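Student:
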Amino acid sequence: MTTQGTLDAASRALLKRAAPGRAAFEDLVVVPVFAVIVALVLGALTMLATDVDLPTIGRSYVALLVGAVGSLNAISETLTAAIPLVLAGLGLALGFRAGLFNIGAEGQLLMGGIAAVIVGFSLPGLPFALLMPLCLLAGALVGALYASIAGWLRAATGAHEVISTIMLNLISYRLLDYILRLPTVQLSGRADPISKPVPLNAALPRLLDWIDPNLRLHAGVFLMLAAVAVVYWLLFRTKLGFEFRASGENPDAARYAGIRAGWVIVLAMAIAGALAGLAGASQVLGVLGRATPGFSAGIGFDAIAVALLGRSHPVGVLLAGLLFGALEAGGRQMQVDAGVSIDLIGIIQALIIVFIAAPLLVRAIFPWGFRRHGSEENRP
Amino acid sequence: MTANPMTAVARVKTGHERRARYTGGVLVLLALFVVVVFGPGAYGDATFRLSRPGDAVVLGDLVVPAAPFIYVAASLLAFLGARQFLRGGVRWTSLSLGLGLALVVLAFLVWATAGNAFSLTGMLQATMVRAVPIALGGLAGVMCERAGVVNIAIEGMLLAGAFTGALVGSVIGGWGGLLSAVVIGGLFGFILAALVVTYRMDQIIAGVVINLFVLGLTSYVSSQVFSQYRGLNNAPVFRSWKVPLLGDIPVIGPMLFNQNLFVYGALALVALATYYLFHTRSGLRARAVGEHPRAADTLGINVYRIRYLHVTMGGMVAGFGGAWFTLGSVGRFDEDMTGGRGFIGLAAMIFGRWHPVGALGAALVFGFADSLQQKLALLGTGVPSEFLAMSPYIATIIVVAGLVGRARPPAADGKAYVKE
């Protein structure tokens, strides 16, 4: 019986390699659904363990749902939260495909964001049609440059990108603090580190403020969708994308095939950094309006989770980003309505990724779910 | 492949030579930097106090004339750099780089102290204290990676240890808190082992997830529970205990022998781990599993059990290190209070070439930079404090980039092993 089971698993794995499209689709449906359910149940158990009574737990999950999709405002908040997550997540996904584990989205996002703010308030005379794209471009460019430091170090000296991007993150916090205190950047009359505001003709316009001025959804949502399409095209329809994927799947084979490994590393890091920088720029230009210390609020780290959850596929990243955006928006509602700390969302997110990244674990918890699933798969 | 072994050797040599050249160039640039930046501002003498009032043995102050010292340091740097650049000595590369960086730090210290006085003893003591969590994090990494499991989750394990230490310490006292911190660290080590060994999850992803999970859980409990019941977050602190006689040795006495439990514990664990890994049979087995699990398996070593065991032990070490944050210093837990020390520990492990003593040495370098930054804020050097705060991270990048060619991780590090 057990031998049969392992054999099945092995042949399934083989099948997955032979027909990645179908297997990926099934992984994308069954495993995430289970992962979300288990994570929510474990989240409820966590609340129980910290002395939250059952009605409150029920209320908090209702608030989570209502806050995520229950009203126009909720949907607007969900989308707003998803924009930077998806943008940065796309960059990280691209890196994963190329075999690079870039933890530095947080720093790239901060650097891109502050660059966009500086360009914005330095050139207030320019018209909107010129200034706004210029700000986004500055964000992307600075993010790309900051990320390519790690890429270059990896390519030239072999320094592992996990360590160097972590260090670049820590450096970026201090650098941001320093930049925010520069007299040319700091808001005049303030002692705390805070930048001058982004002028109106540099900001990403709000899309729904004609219905209700509180709706924060901004034009970055188009940027997000465009980025999904562009990254999809880049990864699966261009020679460069093929080189990225080949280097990630099998670096040795890629090298023998004449793909320049160093070039791929630097370029993949730069594009990832550009997307993270864009995420930072859209956050300051569309939501915050200025830069403060730690304005990234952990988006760069959540984006790692988004990229993993989306299985490093652009469409998957979009869906994962929307889910995380919904959890973020719903979590705020939950904190207000039920008085349960929003940090619970962090636990739920981490649990979701555990179950996504270890399908064997989900299979162990839900054997029945997968046996049925497996028999469907075996049907001709 | 028709690759000629001779060309392969030649290529390796050129790689080393290029690295040597590169190091030489960096050293010459550093010499220029020292002259241009530190040279003009150095007037008067820098006074380093070697003992504090009330010490048993009192030493005089060390007085260094600032300008001559800086020019001597710069010429030494230039000499090292030029030698490295022209001769390209492979064996000397890391040594020159280490020596060069030490010289830059010394020159900086003298420049910053010029016309002022500065307690060397106090700073060395602070260095040791700040090195403790980094050294223990690095040691945890050594235990795991020698057995072939990459542990990015050190940060989370430190945080879990700190949290448990504060919570349990507040309820049943310091020793109980310490013990449960070690147990919880070991538990997360066991979870990591289960995820990567049994469920064959990607090791880096598993580590990142544990970090996220611990951060979420501890932040959640501290904002949900600690904010209401403050008594649960008020643990006793282990005070420092001076070793008789040894604690009176000038300069290094207070650094090594007048500290709290965590410093002694870290030193003992480093010694123990070195003996265990390199001089016992099970240590050899662990390293065999990290280098070539298939061969180890063929010889009858249970690869899975060894990995479970060592990752759990690594987690326990990290849990002990985590308790330092609460039971060893402030007695209360704050959200994300480890502040990336686990990652710096990981860098210390690489810098220390996957050896416990090396990791301790690297941790001391980071601890030194950390305490230097604190002390220099008092001296008022005009260097923005943000840049001082950045310096250990920049040093880490330089070190990882400069040394990695020679530091080789265990061969099976980060790879899941599937038994046939």
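Keeping their order, the protein sequence lines are chains A and B. Residue numbers for the first sequence follow this note's numbering, beginning at 6 and rising by one. Residue numbers for the second sequence follow this note's numbering, beginning at 75 and rising by one. All C-beta atoms, glycine included, are put in the ideal place defined by N, C-alpha and C. From a predicted model like this one, the values you see are computed outputs, not experimental measurements.
#1: With which residues is GLN223 of chain A paired in a DSSP beta bridge?
#2: Does LEU147 of chain A have its Cβ less than 8 Å from a Cβ in chain B?
#3: Is the Cβ of GLY379 of chain A closer than 8 Å to any Cβ of chain B?
#4: Kindly indicate which three-state DSSP category ALA486 of chain B falls into: helix, strand or coil?
#5: Take the Cβ of ARG93 of chain B as the centre, count every other Cβ of all protein chains shown within 10 Å, and call the residue buried at 16 or more, exposed below.
#6: Roughly how many whole angstroms lie between the Cα atoms of ARG482 of chain B and ARG427 of chain B?
#7: Give the straight-line distance between the Cα atoms of VAL184 of chain B and GLY99 of chain B, rounded to the nearest whole angstrom.
#8: Within 8 Å (strictly less), CB to CB, does ASP257 of chain A reach chain B?
#9: Which stretch, first to last residue, makes up the beta strand (DSSP E) that contains SER193 of chain B?
#10: Measuring CB to CB, does ILE279 of chain B end up less than 8 Å from ALA308 of chain A?
#11: Please classify GLN302 of chain B: does DSSP put it in a helix, a strand, or coil?
#12: Going by beta carbon distance, what residues of the same chain come within less than 7 Å of GLN199 of chain B, once the five residues before and after it are set aside?
#13: Spatial neighbours of ILE358 of chain A within its chain, please: C-beta separation below 7 Å, excluding the five flanking residues on both sides.
#14: Take ALA279 of chain A and list the residues in its own chain whose beta-carbon comes closer than 6 Å to its own, dropping the five residues that flank it on each side.
#15: Here's the rule I'm using: 16 or more other beta-carbon atoms within 10 Å means buried, otherwise exposed. How should PHE249 of chain A be labelled?
#16: Just checking: is the beta-carbon of THR187 of chain B within a distance shorter than 8 Å of some beta-carbon in chain A?
#17: DSSP three-state call for ALA296 of chain A: helix, strand or coil?
#18: Whole angstroms is fine: what's the gap from HIS378 of chain A's alpha carbon to ALA369 of chain A's?
#19: What's the call for GLY364 of chain B, buried or exposed, on a 16-neighbour Cβ count within 10 Å?
#20: Compare the C-beta of ASP444 of chain B with all C-beta atoms of chain A and state if any pair is closer than 8 Å.
#21: Which residues of chain B have a Cβ atom closer than 7 Å to the Cβ of ALA49 of chain A, listed in chain order?
#22: If we define contact as Cβ-Cβ less than 8 Å, is ALA363 of chain A a contact residue for chain B?
#23: What in chain B is Cβ-close to GLN354 of chain A, meaning under 8 Å?
#24: Return the CA-CA distance between ILE169 of chain A and ILE468 of chain B, expressed in angstroms with no decimal places.
#25: Cutting at 8 Å between CB atoms, please list the residues of its own chain near HIS366 of chain B, excluding the five before and the five after it.
#26: Tell me the start and end of each unbroken beta strand (DSSP E) in the stretch 127-178 of chain A that is at least 3 residues and wholly inside, in chain order.
#27: Return helix, strand or coil for LYS201 of chain A, following the three-state DSSP convention.
#28: Using DSSP with H/G/I as helix, E/B as strand and the rest coil, what is ARG361 of chain B?
#29: Is there a Cβ from chain A that is less than 8 Å from the Cβ of VAL377 of chain B?
#30: Helix, strand or coil for TRP238 of chain A, going by three-state DSSP, please let me know.
#31: Who does ASP119 of chain B pair with in a DSSP beta bridge?
#32: Indicate the three-state DSSP secondary structure (helix, strand or coil) for LYS316 of chain B in the structure shown.
#33: Could you run through the stretch 455-470 of chain B and flag, in chain order, every residue whose CB is less than 8 Å away from some CB of chain A?
#34: Of the choices A:CYS140, A:MET52, A:ALA266, whose alpha-carbon is the least far from that of SER346 of chain A?
#35: Could you tell me whether the Cβ atoms of SER86 of chain A and ALA334 of chain A are closer together than 8 Å?
#36: Beta-carbon separation of ALA347 of chain B and ILE208 of chain B under 8 Å?
Tutor: Well, looking at it:
#1: In the sequence under discussion, the amino acid at residue 223 of chain A is His, which differs from the Gln named in the question. Answer by DSSP bridge pairing, in chain order: A:ARG211.
#2: One detail in the question is off: residue 147 of chain A reads as Val in this sequence, not Leu. Taking Cβ atoms only, chain B never reaches closer than 8 Å to VAL147 of chain A, which makes this a no.
#3: Its pLDDT being 44, under 50, GLY379 of chain A is placed unreliably in this model, and the coordinates cannot settle the point.
#4: It is coil, neither helix nor strand.
#5: Counting Cβ neighbours within 10 Å, ARG93 of chain B comes out buried, since at least 16 surround it.
#6: Straight-line Cα distance between these residues: approximately 7 Å.
#7: Whole-angstrom Cα-Cα distance: 24 Å.
#8: Not one chain B Cβ lies under 8 Å of ASP257 of chain A.
#9: Residues 190-193.
#10: When the beta-carbon positions are compared, ILE279 of chain B and ALA308 of chain A stay at least 8 Å from each other.
#11: The answer is coil: DSSP assigns GLN302 of chain B none of H, G, I, E or B.
#12: Hits under 7 Å: PRO328, MET329.
#13: So the list reads ALA310, LEU313, LEU314, once near-sequence residues are dropped.
#14: Closer than 6 Å at Cβ, skipping near neighbours: ALA145, GLY148, ALA149.
#15: Buried: at least 16 other Cβ atoms inside 10 Å.
#16: Answer no: the Cβ-Cβ gap between THR187 of chain B and chain A never drops below 8 Å.
#17: Assigned with DSSP and collapsed to three states, ALA296 of chain A falls in coil, not helix or strand.
#18: Interpretation of HIS378 of chain A is limited by its pLDDT of 45, a score under 50 that renders its predicted location unreliable; the figure taken from the coordinates is listed afterwards. Their Cα atoms are separated by approximately 14 Å.
#19: A buried status is given to GLY364 of chain B, since no fewer than 16 other beta-carbon atoms sit within 10 Å of its beta-carbon.
#20: For ASP444 of chain B, the answer is no, since every Cβ of chain A falls outside 8 Å of its Cβ.
#21: Simply none; closest approach about 13 Å.
#22: Taking a beta-carbon distance threshold of 8 Å, ALA363 of chain A counts as an interface residue toward chain B.
#23: Taking the beta carbon of GLN354 of chain A as reference, the chain B residues within 8 Å of it are LEU286, GLY290, listed in sequence order.
#24: Note that residue 169 of chain A is Ser in the sequence shown here, rather than Ile. Spanning the two alpha carbons is a distance of roughly 9 Å.
#25: So the qualifying residues of the chain are ALA485, ALA486.
#26: Runs found: none.
#27: Coil at LYS201 of chain A, not helix or strand.
#28: ARG361 of chain B sits in a helix when the DSSP states are folded into three classes.
#29: At least 8 Å separates the CB of VAL377 of chain B from every CB of chain A.
#30: Assignment of TRP238 of chain A by DSSP, reduced to helix, strand and coil, places it in the helix class.
#31: According to DSSP, ASP119 of chain B bridges with B:PRO139.
#32: Here LYS316 of chain B sits in strand by DSSP.
#33: When CB distances to chain A are screened at a threshold of 8 Å, the residues of the stretch 455-470 of chain B falling below it are PRO458, GLU460, PHE461, ALA463, MET464, TYR467, ILE468, THR470, in chain order.
#34: Comparing Cα-Cα distances from SER346 of chain A to each of A:CYS140, A:MET52, A:ALA266, the minimum goes to A:MET52.
#35: First, the residue type needs correcting, since residue 86 of chain A is Ala and not Ser in the sequence shown. Yes.
#36: Not a contact, by the Cβ cut-off of 8 Å.
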